[in-house]
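Contents: one structure, followed by commentary.
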Amino acid sequence: MVPSLKQLREKRGLSQEQVANLLGVSREMYGMIERGDRGSSIKSSLVMVDQLSLMFDYPVEKVFKGDRENGKVAC
Numbered sequence: 029m030v031p032s033l034k035q036l037r038e039k040r041g042l043s044q045e046q047v048a049n050l051l052g053v054s055r056e057m058y059g060m061i062e063r064g065d066r067g068s069s070i071k072s073s074l075v076m077v078d079q080l081s082l083m084f085d086y087p088v089e090k091v092f093k094g095d096r097e098n099g100k101v102a103c
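Residue 29 is where the sequence shown starts when you use this note's numbering, and the numbers rise one by one after that.
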């Protein structure tokens, strides 16, 4: 089973605020992305996936599922 971003974050003992600061986004924005309430730009997503993969020592791209019908990315 593929873990969620929240599970990966909590496994590392990090708060949403800490991850958001490391990614250069607000805690509110990171929370929305983590819950799947809001996508991010492709460029931001690629940077975030690379940084989260290193931070969580897990290939985070497995967490993101592409929705081919509407072009959005869900977590």
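Cβ atoms here follow ideal geometry from the backbone N, Cα and C, with glycine treated the same way.
Exposure label - residue i; buried when at least 16 CB within 10 Å
| i | result |
| --- | --- |
| residue 66 | exposed |
| residue 37 | buried |
| residue 47 | buried |
Cβ shell of residue i (< 6 Å), same chain only, five flanking positions each side left out
| i | result |
| --- | --- |
| residue 76 | 51 |
| residue 60 | 66 |
Whole-number beta carbon distance between residue j and residue i, since they are thought to touch under 8 Å
| i | j | result |
| --- | --- | --- |
| residue 62 | residue 33 | 5 Å |
Contacts around residue i, its chain only, beta-carbon distance under 8 Å, and the 5 residues preceding and following it disregarded
| i | result |
| --- | --- |
| residue 16 | A query on residue 16 cannot be resolved here, the shown segment of the chain reaching from 29 to 103 and no further. |
Proximal residues to residue i (C-beta, below 7 Å), its chain only, five neighbours per side dropped
| i | result |
| --- | --- |
| residue 54 | 48 |
| residue 58 | 44, 47, 48, 51 |
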